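Accompanying notes for the structure given below.
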Amino acid sequence: SSWRNPMSHRRIHIEVAYALPERQKILALLVEPGTTIGEAIEQSGIKDHFEGLEISDDMVGIFGHRKSLDEVLSEGDRVEIYRPLIADPKEVRRERARGGSG
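Counting in the numbering used here, the sequence shown runs from 3 upward without gaps.
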């Protein structure tokens, strides 16, 4: 019979988010069940919005919890791409100076 369970192939709604200090982008998309974080990032096209955006395993997560690129997504997940934490020594000194010593 050609009857199919409509739930068996329902795509899921997810978001892919990346933020810079001056701007952020949140892209909503529909993906196939079983889609991983890495696949969702590719499908979202978010790299086209941020020149030179390189994504590695230690800089992605879902709702603030670090995950790997092969983590499978669930309905409603928001994939977050974190910036590499490259501390600018001048900025670190400035923060310390601002904070004072007492």
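A virtual CB, placed ideally from N, CA and C, is assigned to each residue, including glycine. Every value quoted in this text rests on a predicted model; they were computed, and no experiment measured them.
query                                                                                                     : result
Residue range of the unbroken alpha helix (DSSP H) whose run includes G40                                 : 39-46
Buried or exposed by the 16-neighbour rule on C-beta atoms within 10 Å, applied to A99                    : exposed
Through-space distance from S46 to A30, alpha-carbon basis                                                : 8 angstroms
Length of the line joining the Cα atoms of E82 and M61                                                    : 8 angstroms
Neighbourhood of G36 by C-beta, 7 angstroms cutoff - its chain only, sequence neighbours within 5 removed : V74
Cβ separation of I110 and D50, assumed to be a contact under 8 angstroms, to the nearest whole Å          : Outside the shown range of the chain, which is 3 to 104, sits residue 110, and nothing can be said about it.
Host beta strand (DSSP E) of R80 (start-end)                                                              : 80-83
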